[in-house]
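For reference, the structure discussed in these notes is given below.
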Amino acid sequence: MTKKSVPWKSVGFDIREVGEKLLRKQSQGEVALLATINSQGRPAIAPVCPIFTDDGVFVLVGKNTPKYQHLLKNPGYALHAQVGADDLEFQISGQGQFIGANHDRSQVLAAISFPSFDETDPIIELLVSRALVVRWVDGKMQKHSWTSG
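Position 107, counted from 1, in the sequence shown is what my numbering calls 1064; the numbers after and before it change by one each time, with no gaps.
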């Protein structure tokens, strides 16, 4: 895997750090909701455990799951963390990209913090075109966003 920059910052605020805080625990993965588009063109939501590496955010998806089929046909996604303390929110969206057999899967597999997974499941990199954090400071809502390009 090639080292990439993950520039999720907005005016001195590290959006990625919030996402990792909400979605990465030492001994277990944290469940997020992955929204995809099904074959009828309708939104579908499935739980996933995101995997953070220095290169990006990834998910494992079983070949027999609806989310695998959805992402094969339409790679667009949105991922939303469970709401954290003080109504802290984190969301990313963009396109999913399957990591093929030719790629080095070891870095992603080594970063998995949850106890149960199938090493042979397809890995999808969640390419981020938009990232958003919503937080409350002194009773006022603050939005921090990043958009690629």
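From the three backbone atoms N, C-alpha and C, an ideal C-beta is built for every residue, glycine too.
query	result
Between Q1026, K978 and E1076, which lies nearest to D1061 when the distance is taken from Cα to Cα?	E1076
Mind checking P1079: buried by the 16 CB within 10 Å criterion, or exposed?	buried
Among the candidates K978, Y1025, P1032 and S1105, whose CA atom is the shortest distance from the CA of I1008?	K978
Only counting the same chain, and skipping five residues up and downstream in sequence, which positions put a Cβ closer than 8 Å to that of R1092?	V975, D1043, D1044, L1045, E1046, M1098, Q1099 and H1101
Less than 7 Å between C-beta atoms, sequence neighbours within five positions excluded: which residues of the same chain meet that for K1024?	L991, T993, A1003 and V1018
How far does the beta strand (DSSP E) with H1101 in it reach, from first residue to last?	K1097 to T1104
Less than 8 Å between the C-beta atoms of L1084 and G1051, yes or no?	yes
Determine the closest residue to V988 out of A1067, Q1048, L1066 and Q997, with distance taken between C-alpha atoms.	Q1048
Which partner residues does L990 have in the DSSP bridge list?	P1004 and H1037
Among residues of its own chain, excluding the 5 on either side of H1037, which ones have a beta-carbon nearer than 8 Å to its beta-carbon?	A989, L990, A992, E1046, F1047 and Q1048
Go to E909, then tell me how far its beta strand (DSSP E) extends in each direction, as first and last residue.	The shown model of the chain, from 958 to 1106, leaves out residue 909, and the question about it has no answer.
Rounded to whole angstroms, what's the CA-CA distance from N995 to S1070? Just pull it up for me.	29 Å
Which word fits V1040, buried or exposed, when buried means at least 16 other C-beta atoms lie within 10 angstroms of its C-beta?	exposed
Closest by CA to V1014, which one among H1027, G1053 and L1029?	G1053
So which of G1057, A1001, L980 and L1066 has the shortest CA-CA distance to T1022?	A1001
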